[in-house]
Amino acid sequence: MGEILTLKNVSKSFDDLVVLDNVDLSVNKGEVVVIIGPSGCGKSTLLRCINGLEDIQDGTISYEGDVGMVFQSYDLFPHKTILQNLTLAPVKVKKRNKAEVNKEALELLERVGLLSKKDNYPRQLSGGQKQRVAIVRALIMHPEVLLLDEITAALDPEMVREVLDVVLSLAKEGRTMIIVTHEMQFAKAVADRVVFIDGGSIVEEGTAKDIFENPRTDRLKRFLQTFSYEE
Amino acid sequence: MGFDVLLKGSNMSRLLGGLGISLEISLISVVISIVLGVGVGMLMTVNNRAVKAVTRVYLEIVRIMPQMVLLFIVYFGATKAMGLNLSAEASAIIVFSFWGVAEMADLVRGSLLSIPVIQYESSKALGFSKLQTYIYIIIPQIVRRMIPLSINLITRMIKTTSLVMMIGIVEVLKVGQQIIEANRKSSPNAAFGVFATIFILYFLACWPISCLSKYLEKKWS
């Protein structure tokens with residue numbers, strides 16, 4: 000399994016504020032890397048730098064193929080139907096055959112249980128349904144790496160599961176993904192490797208077992224404590 | 000009731016001709032307003048203090064000044080002061096466009112700013128170029144937001160053309176007055192019939208536009 004994405008000494012700052020400080024990260028094909036850390040630690044910025052939404056001031060980011068991304072807020076195109084949301088980019092950007100793209104879109108919608116919504120508009124869908132469509136819209140571009148930026152953070156609790164189940168099934172079929180999340184149980188279940196970021200740099204990384212059961216640094220211990228309650 | 004006077008001679012066709020002048024002035028102004036308004040509106044979203052200040056002052060002037068005052072300034076004032084030889088129609092079109100461009104630009108500015116940043120970002124993440132993002136994602140959304148609002152502006156402009164009689168343009172209202180004056184002796188009740196007819200003519204001009212706006216609003220909401 001070769002490296003598919005490599006970050007070397009990546010630094011990013013907004014004016015004087017350093018958001019990412021010398022980050023090194025490499026991801027292998029088929030690996031699921033989960034990034035955790037406190038709010039404002041730079042984890043979302045890291046994803047945004049990887050797919051070029053933010054400039055970096057130093058370091059290099061290299062990857063094979065395309066990178067796809069799903070965002071926290073629902074970002075479907077409101078003036079297009081669900082099916083059109085999926086087919087627009089493959090047809091216009093990749094110049095693929097429309098009939099073939101349509102067929103693939105319908106198969107993917109069926110897979111996430113939303114085939115019946117194909118002619119609806121985004122406003123007619125629940126938050127969880129919209130996020131499943133957003134995942135499919137990223138997948139249909141055939142990215143080598145899929146970036147998921149807190150995709151359940153804006154959802155009502157009862158809708159989180161339906162979205163995460165889709166992500167789990169993608170992990171099972173060997174998709175390469177980098178996932179930023181606050182859902183620790185989900186992180187445990189899906190991650191091949193967990194990366195803890197604090198203050199713009201990687202503080203600790205390891206398997207889900209290492210990170211959640213045997214945290215080595217105080218910063219990680221303190222962070223994990225915020226998710227547990229004493230009775 | 001005074002409607003009979005409209006059947007005399009060419010009165011009705013003169014009235015319709017007057018309406019034609021009103022619609023011509025508003026149509027030309029609307030087209031200028033849309034074209035320039037889109038440009039100025041895009042300019043208003045640029046992050047430049049000088050541009051912002053100038054467009055802001057322009058918008059406030061248009062909002063504060065009654066259209067009639069603007070008409071007088073351009074037709075009686077500017078033509079004399081600057082030695083320009085402007086026809087009344089040209090003055091009217093200048094004033095209505097001056098007003099329309101400002102309001103249109105403000106609508107464009109509002110619609111542009113109301114598109115969430117995430118729409119641009121997710122388009123970029125999907126690989127759309129800047130141009131493609133505007134063509135397929137941003138402009139269609141802006142047009143949907145703009146059409147009901149700009150149709151409202153268009154109907155207001157058509158209605159406000161009744162002011163241009165004040166600078167001597169013989170539009171529908173002025174023709175109506177002339178017909179009433181000319182027939183004062185033979186049909187003293189002409190005022191009601193003529194003005195009621197003008198009311199209906201304005202209604203017929205604006206109503207289909209207003210219906211179109213309602214239809215589009217429903218379709219896209």
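Residue numbers (numbering that gives the first Met the number 0), protein chains in the order written: chain A, 0 to 230; chain B, 0 to 220. Quick reminder that beta carbons are idealized off the backbone N, C-alpha and C, glycines included.
CA nearest to the CA of residue i, picked from the options
i: Ser-168(A); options: Glu-157(A), Ile-177(A) and Val-189(A); result: Val-189(A)
i: Asn-224(B); options: Val-39(B), Ile-197(B), Trp-98(B) and Asp-105(B); result: Missing from the structure shown is residue 224(B); chain B here goes from 0 to 220 and no further.
i: Gln-66(B); options: Ile-138(B), Val-163(B), Arg-108(B) and Lys-123(B); result: Val-163(B)
i: Lys-218(B); options: Val-142(B), Val-100(B) and Leu-5(B); result: Val-142(B)
i: Glu-157(A); options: Phe-226(A), Ser-25(A), Gly-127(A) and Phe-70(A); result: Gly-127(A)
i: Gly-8(B); options: Leu-203(B), Ala-181(B), Tyr-119(B) and Tyr-74(B); result: Ala-181(B)
i: Phe-202(B); options: Val-4(B), Leu-18(B), Gln-131(B) and Asp-3(B); result: Leu-18(B)
i: Phe-226(A); options: Lys-102(A), Met-183(A) and Ala-88(A); result: Met-183(A)
i: Asp-209(A); options: Lys-187(A), Leu-105(A) and Ile-196(A); result: Lys-187(A)
i: Ser-113(B); options: Tyr-214(B), Val-100(B), Met-145(B) and Ala-87(B); result: Met-145(B)
i: Ser-161(B); options: Ser-209(B), Glu-23(B) and Met-0(B); result: Glu-23(B)
i: Thr-80(A); options: Ile-136(B), Ser-32(B) and Val-94(B); result: Ile-136(B)
Delimiting residues of the beta strand (DSSP E) encompassing residue i
i: Ile-34(A); result: 31 to 35
i: Glu-203(A); result: 200 to 205
i: Gly-67(A); result: 66 to 69
Collapsed DSSP secondary structure at residue i in the structure displayed
i: Val-111(A); result: coil
i: Met-197(A); result: Residue identity check: residue 197(A) is Asp in the sequence provided, not Met. Strand, per DSSP.
i: Phe-13(A); result: strand
i: Leu-19(A); result: strand
i: Ser-61(A); result: strand
i: Ser-25(A); result: strand
i: Asn-8(A); result: strand
i: Ile-177(A); result: strand
i: Leu-146(A); result: strand
i: Arg-160(A); result: helix
i: Gly-127(A); result: helix
i: Glu-192(A); result: Residue identity check: residue 192(A) is Arg in the sequence provided, not Glu. Three-state result, Arg-192(A): strand.
Cβ-Cβ separation, residue j to residue i (assumed contact under 8 Å), whole Å
i: Gly-1(A); j: Lys-28(A); result: 6 Å
i: Ala-104(B); j: Val-171(B); result: Actually they are not in contact, since the Cβ atoms of Ala-104(B) and Val-171(B) sit about 29 Å apart, beyond 8 Å.
i: Leu-85(B); j: Thr-78(B); result: 5 Å
i: Asp-148(A); j: Val-69(A); result: 7 Å
i: Ile-49(A); j: Ser-10(A); result: That pair is no contact at about 14 Å.
i: Pro-121(A); j: Leu-75(A); result: 4 Å
i: Leu-138(A); j: Gly-67(A); result: 7 Å
i: Val-169(B); j: Val-4(B); result: Not confirmed; about 18 Å, so no contact.
i: Met-64(B); j: Phe-191(B); result: About 33 Å separates the two Cβ atoms, so there is no contact after all.
Residue i, buried or exposed, once every other Cβ within 10 Å from all chains shown has been counted against 16
i: Asp-57(A); result: exposed
i: Leu-82(A); result: buried
i: Trp-206(B); result: exposed
i: Ala-80(B); result: exposed
i: Cys-40(A); result: buried
i: Glu-244(B); result: No statement about residue 244(B) is possible, as the shown extent of chain B runs from 0 to 220 and does not include it.
Residue span of the alpha helix (DSSP H) that contains residue i, given as start and end
i: Tyr-119(B); result: 116 to 124
i: Thr-86(A); result: 81 to 91
i: Gly-82(B); result: Premise fails: Gly-82(B) is in no alpha helix (DSSP H) and is neither H nor E.
i: Ile-199(B); result: 189 to 219
i: Gly-40(B); result: 10 to 43
i: Gly-175(B); result: 171 to 181
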